[in-house]
Amino acid sequence: MRLLEVEGLTKKYPKFTLKNVSFSLEQGRIMGLIGKNGAGKSTTLKSMLNMVCPDKGTIKMLGHDFRQDEESCKQNIGVVLGSIQFYQDKKLQTITGVTKRFYQNWDDAAYRKYMSMFELDEQKQVKQLSEGMKVKYLIALALSHDAKLLIFDEPTSGLDPVAREDLLELFQQLVKDGKRSILFSTHITSDLDKCADDITYIKNGEIIASADKASFIQTFQSLKAPGEDSLNLEEIMVRNERGTYNV
Amino acid sequence: MSNLLYKEWHLAVHSVVYLFLLIGALLLVPAYPYGMIFFFGCLGLYFTSQFARENSDAFYTATLPIKKRHVVKSKCLLFVSIEIAQLIICIPFSIIRLWTLPDGNPVGIEANVAYFGFGLIVYAIFNFLYLTVLFQSAYQVGKAFVIAIIPATAVIALMEYSVHLPSFTWLDSLQTGDLIRQLPILGIGILIYIVGNILTYRVASKRFEHVDL
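Chains as they are written, first to last, in this note's numbering: chain L, 63 to 309; chain G, 6 to 218.
Encoded structure:
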């Protein structure tokens, strides 16, 4: 079953266009959305969630049209768009107390478990958390209402190597029972080497490839020099994006 | 609806709003233009919107399992709840005033039935202009305030000026007969407030649908 289907997503800005973005994500899989800074990863995710108003395109989550059934779709997804930037002076307890009221499937036991696992103190204010802790708090919120589809925008970028490793391990555990899927954008391709099943590559607002990891890597082997070993994700991205400067 | 209000009062309200809720105590000042209470009310709404913007309130709200337009609904509900609470808190002060300051207010309008009707009209105008301009961008709180406060202040000034005209002395009265005569102003105020806020929500939410957060 496809938990996410994005079809023909288009958004025009004066100096950037998200062009006809289409991809899909099957249940029980982790997809990495890769691309360099400014390629359109965040715009894609925000357009999917109606936070950016797309000009064209359809989004289906768990078989429902997102625009038509925004509320029920959002009940079944967990979203982390970058680090937490809201309510810096509020305690985590207060934000949780508000957030949980909106979710029908809120699970307090799961919330406590993740808060404890991430060593988060509810009595702390948002501004007292490190960037990594802020991301972890948002992930704890996202995981506490039995979300089937988890959408993360660069969740690992503020984390230290140990926390990153932990998080990637957690991602793999979350999809192990085959019920959940994760879509996460990143420019840290080594994260994907460890845990992604599928890769979607966006460049200048266009999807240039979307496939399972092995097929994806195979597609770009034409970029390697004669006698060179198989290219990994980072090398594929660098060779696709490398520019020249004429200073 | 209750969840949205809960969210607003627990996360998005600036603490100065609590002070402005009690601004009705100014009705105990012997000589004062009581229309200023509505002006301060509008100022409190501006401060709380600024606080919400600095705390990325719209962004957080849009991630919740609600429709995008409910971000606007949430703010409309907050504005209405603050305004109604402020006006209700004014009532006991207006009654205490009758006993403690029976000579009336020489500066402007008395805290009578017409006063509360005008208050609802001022807030309806402020809400419509402020929220429909604000939700064109979801961040231009200053622009929205300037556009909204000018006509709101004009209504306040008109109210305060009119009671000095001989033909409108009944507006400045606390006599039972005059209070009854003022009832249509309260009725019109209630009507404008209800219709105005429904219209505010419709226009502002339609505009917000096209905003990129």
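Idealized CB from N, CA, C, for every residue including glycine.
Proximity below 8 Å, CB of residue i to CB of residue j
i, j, result
"Gly40(G)", "Gln91(G)", "no"
"Thr137(G)", "Ala209(G)", "yes"
"Leu71(L)", "Gln89(L)", "no"
"Gly194(G)", "Leu125(G)", "yes"
"Ser99(G)", "Leu31(G)", "no"
"Gly201(G)", "Ala157(G)", "no"
"Phe52(G)", "Phe148(L)", "no"
"Ala101(L)", "Lys265(L)", "yes"
"Asp151(L)", "Lys196(L)", "no"
"Val114(L)", "Lys122(L)", "no"
"Asn8(G)", "Arg163(L)", "yes"
"Tyr263(L)", "Ile96(L)", "yes"
"Asp239(L)", "Gly194(L)", "no"
"Phe133(G)", "Val77(G)", "no"
"Leu182(L)", "Ala202(L)", "yes"
"Thr310(L)", "Leu295(L)", "In the structure displayed, chain L extends from 63 to 309; residue 310(L) sits before or after that span and is not available."
"Ala119(G)", "Asp62(G)", "no"
"Leu200(L)", "Met93(L)", "no"
"His19(G)", "Phe56(G)", "yes"
"Val168(G)", "Gly113(G)", "yes"
Buried versus exposed call for residue i [16 or more other C-beta atoms within 10 Å across all chains shown]
i, result
"His215(G)", "exposed"
"Arg301(L)", "exposed"
"Thr106(L)", "buried"
"Gly125(L)", "exposed"
"Leu163(G)", "exposed"
"Asp253(L)", "buried"
"Ala159(G)", "exposed"
"Val22(G)", "buried"
"Val309(L)", "exposed"
"Glu132(L)", "buried"
"Lys360(L)", "Residue numbering for chain L in the displayed model covers 63 to 309; residue 360(L) lies beyond these limits and cannot be assessed."
"Ser206(L)", "buried"
"Asn99(L)", "exposed"
"Ser277(L)", "exposed"
"Pro288(L)", "exposed"
"Thr105(G)", "exposed"
"Gly305(L)", "exposed"
"Asp224(L)", "Strictly speaking, residue 224(L) in this sequence is Val, with Asp absent from that position. Val224(L) comes out exposed."
"Pro217(L)", "buried"
"Asp177(G)", "buried"
Contact with chain G by residue i, beta-carbon distance below 8 Å
i, result
"Ile269(L)", "no"
"Tyr307(L)", "no"
"Lys136(L)", "yes"
"Glu193(L)", "no"
"Gln155(L)", "no"
"Val68(L)", "no"
"Met113(L)", "yes"
"Lys118(L)", "no"
"Met147(L)", "One detail in the question is off: residue 147(L) reads as Gln in this sequence, not Met. Yes, contact with chain G."
"Glu297(L)", "no"
"Val141(L)", "yes"
"Lys152(L)", "yes"
"Lys74(L)", "no"
"Lys108(L)", "yes"
8 Å Cβ cutoff, residue i in contact with chain L
i, result
"Lys12(G)", "yes"
"Asp217(G)", "yes"
"Asn8(G)", "yes"
"Glu165(G)", "no"
The ligand FAD heavy atom lying under 7 Å from the CB of residue i
i, result
"Asp291(L)", "The ligand FAD is absent from the structure shown, which contains no ligands of any kind."
Interface flag, residue i vs chain C, CB-CB below 8 Å
i, result
"Ala119(G)", "Protein chains in the displayed structure are L and G, and chain C is not among them."
- request: Enumerate, from N- to C-terminal direction, the unbroken alpha helix (DSSP H) stretches of 4 or more residues contained entirely within the stretch 188 to 249 of chain L.
  value: Annotation: the stretch 188 to 249 of chain L contains the following complete segments of the alpha helix (DSSP H) (minimum length 4 residues), in chain order: 193 to 205, 223 to 237.
- request: Compile a chain-ordered list of the residues in the stretch 98 to 119 of chain G whose CB is closer than 9 Å to at least one CB of chain L.
  value: So the list is empty, because no residue satisfies the distance condition.
query: Given a limit of 7 Å on CB to CB distance, which residues of the stretch 61 to 95 of chain G reach chain L?
result: If the cut-off is 7 Å between Cβ atoms, the stretch 61 to 95 of chain G has Ser61, Asp62, Phe64, Tyr65, Ala67, Thr68, Leu69, Pro70, Ile71, Lys72, Lys73 near chain L.
message: Please give me, in chain order, every unbroken run of the alpha helix (DSSP H) with length at least 4 that falls completely inside the stretch 99 to 176 of chain L.
response: As for any alpha helix (DSSP H) of minimum length 4 sitting wholly inside the stretch 99 to 176 of chain L, the runs are 103 to 110, 132 to 137, 154 to 161, ordered along the chain.
- prompt: Quick one, which residues of the stretch 157 to 187 of chain L are near chain G if we go by CB-CB under 9 Å, in chain order?
  reply: Hits within the stretch, in order: Ile157, Gly159, Val160, Thr161, Arg163, Phe164, Tyr165, Gln166.
Secondary structure, alpha helix (DSSP H): runs of 4+ residues fully inside the stretch 98 to 160 of chain G: If we require 4 residues or more, the alpha helix (DSSP H) runs fully inside the stretch 98 to 160 of chain G come out as 118 to 142.
message: So if I threshold CB-CB distances at 7 Å, which residues from the stretch 13 to 37 of chain G count as touching chain L?
response: Result list: His15, Leu16.
query: Using a beta-carbon distance cut-off of less than 8 Å, what residues from the stretch 189 to 221 of chain L approach chain G?
result: When C-beta distances to chain G are compared with 8 Å, every residue of the stretch 189 to 221 of chain L stays at or above that value.
task: Mind checking the stretch 120 to 133 of chain L against chain G and listing, in chain order, the residues whose C-beta falls within less than 7 Å of any C-beta there?
output: Listed by position along the chain: Glu132, Glu133.
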